[in-house]
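Visitor:
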Amino acid sequence: MERRNFLKKASATGLGLVAISSSFISCDETKEEKKVVVASTLETIKPLVIATWKTDLAVETAAAVLEKGGTALDAVEQGCRIEEANEKGQSVGKGGLPDRDGNVTLDACIMDEKGNYGAVLGVKNIKHVISVARKVMEDTPHVMLVGEGAEKFAVEKGFEREDLLTEASKKAWKEWKIKSEYKPIINIENHDTIGMLAIDKAGNISGACTTSGLAYKMAGRVGDSPIIGGGLFVDNEIGGASATGLGEEVLKTVGSFLIVELMRQGKTPQQACEEAIGRIVNKPGKDFKNFQVGYIAVNKKGETGAYSIHEWFSYNIYKNKENKNIKSDFFNKA
Numbered sequence: 068m069e070r071r072n073f074l075k076k077a078s079a080t081g082l083g084l085v086a087i088s089s090s091f092i093s094c095d096e097t098k099e100e101k102k103v104v105v106a107s108t109l110e111t112i113k114p115l116v117i118a119t120w121k122t123d124l125a126v127e128t129a130a131a132v133l134e135k136g137g138t139a140l141d142a143v144e145q146g147c148r149i150e151e152a153n154e155k156g157q158s159v160g161k162g163g164l165p166d167r168d169g170n171v172t173l174d175a176c177i178m179d180e181k182g183n184y185g186a187v188l189g190v191k192n193i194k195h196v197i198s199v200a201r202k203v204m205e206d207t208p209h210v211m212l213v214g215e216g217a218e219k220f221a222v223e224k225g226f227e228r229e230d231l232l233t234e235a236s237k238k239a240w241k242e243w244k245i246k247s248e249y250k251p252i253i254n255i256e257n258h259d260t261i262g263m264l265a266i267d268k269a270g271n272i273s274g275a276c277t278t279s280g281l282a283y284k285m286a287g288r289v290g291d292s293p294i295i296g297g298g299l300f301v302d303n304e305i306g307g308a309s310a311t312g313l314g315e316e317v318l319k320t321v322g323s324f325l326i327v328e329l330m331r332q333g334k335t336p337q338q339a340c341e342e343a344i345g346r347i348v349n350k351p352g353k354d355f356k357n358f359q360v361g362y363i364a365v366n367k368k369g370e371t372g373a374y375s376i377h378e379w380f381s382y383n384i385y386k387n388k389e390n391k392n393i394k395s396d397f398f399n400k401a
């Protein structure tokens, strides 16, 4: 193998040369076989947590699980539960803004390092749907339960029913009903999700996504958040990605799966997020000025990326024992 090809292949696989036999770099014609030592020059950044939007406490909670030696799966579940219980958020869990009929319906999915997946869609009266999704993954032969069936399953598993419509969300819904105009407001009604990815101390990646969906959606509407490859995708050999924003547009390009596949082809998480946004905005006739989509991603080395269509999408990241909120780069700078 020629030296330049050897170096090229080592670089392409994310490996660096620690030591190279002199037979590669000298003019010595000896036929004695030399040993080549190849090792990674980049250690995985771990533990690590990244989540959509300003979700400081959720990320802090997930990070605490990891620092104590917990799994990435436990971390993302516990982190997402924080937002599901945050009644002031109005976009996840209890207190979420309802559909046009005044019903709060929740969607969630979770995915572990083995590629296992569980999801619930259109669930009423159950706050911690991310934990119900995990129960679907671990305790059933299925990957997805919907509506009344998902609620019944949750109750059988010990989850308590409760009214998810808070007074604040009910008031907002009644005010909306006066005109009943549906026009999503970028970064407000499109801010509808917490997606979270984590790498634990063992280097394993898991992810979770939970939402109350778009405010004042049609009854029965489900977006990308609980759909594998849309709102979330994890491949433990490569990395993971999660989406937020207008789910219909994420689903049309299978955005999170696309990002992971782009990373498999050698793109960085940032490059992959940018290309995934490009797949949306560059479609002919696409009026992207009226909706928002944002992505986060992490690869196996702990490198991260984030990108959105419009300004003001942000994400929280925990690494090297620091939890920061970072404003994402974005496409529409006009």
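Per this note's numbering, the very first residue in the sequence shown carries number 68; after that it's consecutive.
Every residue gets a Cβ at the ideal spot worked out from N, C-alpha and C, and that includes glycine.
Bear in mind the structure is a predicted one, so any value in this text is a computation, not a measurement.
Quick check on DSSP: helix, strand or coil for Asp291?
Guide: The residue you call residue 291 lines up with position 224 of the sequence shown. The DSSP-derived three-state label of Asp291 is coil.
Visitor: Entirely within the region 167 to 234 and at least 3 residues each: give me those beta strand (DSSP E) ranges in chain order.
Guide: 173 to 178, 184 to 190 and 211 to 213
Visitor: Using only the alpha-carbon positions, how far apart do Leu133 and Asp267 sit?
Guide: Translated into positions along the sequence shown, residue 133 becomes position 66. Translated into positions along the sequence shown, residue 267 becomes position 200. The straight-line gap from Cα to Cα measures roughly 6 Å.
Visitor: I need the DSSP call for Met285, collapsed to helix, strand or coil.
Guide: On the sequence shown, position 218 is the one that residue 285 refers to. Met285 falls in the coil class under three-state DSSP.
Visitor: Quick one, which of Gly182, Lys191 and Tyr382 has its alpha-carbon nearest Arg201's?
Guide: Your numbering for residue 201 matches position 134 in the sequence shown. Nearest option by C-alpha distance: Gly182.
Visitor: Give a yes or no on whether the C-beta atoms belonging to Met263 and Gly146 are separated by under 7 Å.
Guide: In the sequence shown, counting from the first residue as 1, residue 263 sits at position 196. In the sequence shown, counting from the first residue as 1, residue 146 sits at position 79. The Cβ atoms of Met263 and Gly146 sit closer than 7 Å to each other.
Visitor: Closest to Lys394 by C-alpha separation, out of Leu115, Trp120 and Val116, would be which residue?
Guide: Along the sequence shown, one-based indexing puts residue 394 at 327. For the residues Leu115, Trp120 and Val116, the minimum Cα distance to Lys394 belongs to Trp120.
Visitor: Here's the rule: buried if 16 or more other CB atoms are within 10 angstroms of the residue's CB, otherwise exposed. What is Asp230?
Guide: Position 163 of the sequence shown, counted from the first residue, corresponds to residue 230. Exposed, since its Cβ has fewer than 16 Cβ neighbours within 10 Å.
Visitor: Counting only the same chain and skipping the five closest in sequence on each side, list residues whose C-beta sits under 7 Å from that of Leu212.
Guide: By one-based count along the sequence shown, residue 212 stands at place 145. Only Val187, Val203 and Phe220 meet the Cβ criterion.
Visitor: Any idea what DSSP makes of Ile376, helix, strand or coil?
Guide: Start at 1 with the first residue of the sequence shown, and residue 376 comes out as number 309. Residue state, collapsed to three classes: coil.
Visitor: DSSP puts Gly361 in a beta bridge; with which residues?
Guide: Taking the first residue of the sequence shown as 1, we reach residue 361 at position 294. Paired residue(s): Thr311 and Ser375.
Visitor: Taking DSSP as the reference, what is the three-state secondary structure of Leu133?
Guide: Translated into the one-based positions of the sequence shown, residue 133 becomes position 66. Helix at Leu133.
Visitor: Report yes if the CB atom of Thr122 is closer than 7 Å to the CB atom of Ile326, and no otherwise.
Guide: The residue given as residue 122 occupies position 55 in the sequence shown. The residue given as residue 326 occupies position 259 in the sequence shown. Going by C-beta atoms, Thr122 is not nearer than 7 Å to Ile326.
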